[in-house]
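Chemist: Just so we're aligned, residue 116 is where the sequence shown starts under the numbering used here, counting upward by one. Glycine is no exception: its CB is placed at the ideal position from the N, C-alpha and C atoms. From a predicted model like this one, the values you see are computed outputs, not experimental measurements. Attaching a single structure in structure tokens format; questions to follow.
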Amino acid sequence: MKNNQNKPRWHLIYYILATLDLLTVSLGIYLSNQIADIYNESVEESIIWANRTQNILHLSEIAISTNEPGNHIFESGDVETEKLKLEKSKQAYLSLSKTIKNELSENLTSEQNKDILSDMVKAENSLEEMVAQTYQIFSEFENDNLVEAGKNMSRMDAHYYKVLQYLANCNHIASDLQAAFFNEQRLLVKKTESWRIYIAIFIVLMVAGITFYGRLLAKQIRESEEKKQALEKEVENHLLKTQVILDTTADAIITIDTNGIIESFNKGAEKIFGYNTEEVLGKNVKILMPE
Numbered sequence: 116m117k118n119n120q121n122k123p124r125w126h127l128i129y130y131i132l133a134t135l136d137l138l139t140v141s142l143g144i145y146l147s148n149q150i151a152d153i154y155n156e157s158v159e160e161s162i163i164w165a166n167r168t169q170n171i172l173h174l175s176e177i178a179i180s181t182n183e184p185g186n187h188i189f190e191s192g193d194v195e196t197e198k199l200k201l202e203k204s205k206q207a208y209l210s211l212s213k214t215i216k217n218e219l220s221e222n223l224t225s226e227q228n229k230d231i232l233s234d235m236v237k238a239e240n241s242l243e244e245m246v247a248q249t250y251q252i253f254s255e256f257e258n259d260n261l262v263e264a265g266k267n268m269s270r271m272d273a274h275y276y277k278v279l280q281y282l283a284n285c286n287h288i289a290s291d292l293q294a295a296f297f298n299e300q301r302l303l304v305k306k307t308e309s310w311r312i313y314i315a316i317f318i319v320l321m322v323a324g325i326t327f328y329g330r331l332l333a334k335q336i337r338e339s340e341e342k343k344q345a346l347e348k349e350v351e352n353h354l355l356k357t358q359v360i361l362d363t364t365a366d367a368i369i370t371i372d373t374n375g376i377i378e379s380f381n382k383g384a385e386k387i388f389g390y391n392t393e394e395v396l397g398k399n400v401k402i403l404m405p406e
């Protein structure tokens, strides 16, 4: 029992190497999936922010259309047509603005969306004031009071520039939020890539373990071969000694197998039976028996 306890357990090294191999492969797959997930999330988020920015830019375009009737009235002179254009643009602006605010409220935290929503509300208020000034222009125009209409146009444009300024602020805030998100993603990637060090360590350990295990196996094979050769030599010496004993004894000593075939025939047997060893080896023992 003591010998079994002291016997080297080389097979344990194999299990350790297999475990390291499994850990390395699993960690590699995990890191690949993590980086792929981060990349996919970044692409999806980039598309979302691109749509948000595009919608805010579209608001600016609608604001331009909303501002145009107050200017075009001096060329067209058609108050009713310009009013229809004004209302259509206003409703389009408010509808899109509401859609953008709802989307931001649903998908961003209150901390993230508070500034951009605040500027969007300010832009809406300025648009309402711009529309109110436009209606004043229409009223003064219908009363042929062009001087007052011109003054209202100046006030209308002032509110219009405020709308554009607030929308520009919204785009800057959106860009900052998008940049913050991508910075978080880059930090995640760096954090994930730091695990490559552990993969490298596992690989080094595997190579060192395989080298060590290979040397142990080579040593064990060499020792086994040496033991085998020593054992064969010992058996050979034993057979030679046995043969010497058989050849020097005066008695006849014959060995046969289970089928009665002669396997050995010593000198004493040669003298007693009158056969040489070469003559009887491999033959049935019955040849030695008188008929």
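1. In three-state terms, what does DSSP make of residue 364?
2. Under a Cβ-count criterion, where at least 16 other Cβ atoms within 10 Å of its own Cβ denotes burial, should residue 248 be classed as buried or exposed?
3. Write down every uninterrupted run of the beta strand (DSSP E) in the region 171-214 whose length is 3 residues or greater and which is fully enclosed by it, in chain order.
4. Do the CB positions of residue 241 and residue 281 come within less than 8 Å of each other?
5. CA-CA distance, residue 173 and residue 201?
6. Is residue 399 helix, strand or coil when you go by DSSP?
7. Residue 307 by DSSP, collapsed to three states: which one?
8. Are the region 232-239 and the region 275-289 touching by the rule of at least three beta carbon pairs closer than 8 Å?
9. Quick one: residues in its chain with C-beta nearer than 8 Å to the C-beta of residue 117, no 5 flanking neighbours on either side, listed in chain order?
10. Between residue 368 and residue 383, how many whole angstroms is the CB-CB distance? I'm expecting something under 8 Å.
11. Anyone know if the C-beta pair for residue 211 and residue 177 falls short of 8 Å?
12. Would you report the Cα separation of residue 266 and residue 233, rounded to the nearest angstrom?
13. Less than 8 Å separating the beta-carbons of residue 380 and residue 396?
14. Determine the closest residue to residue 376 out of 388, 292, 403, with distance taken between C-alpha atoms.
Modeler: Taking the structure as given:
1. coil
2. buried
3. none
4. yes
5. 16 Å
6. strand
7. helix
8. yes
9. Summary for residue 117: the model assigns pLDDT 46, below 50, so the residue's position carries little reliability, and this model does not support an answer.
10. 6 Å
11. yes
12. 29 Å
13. yes
14. 403
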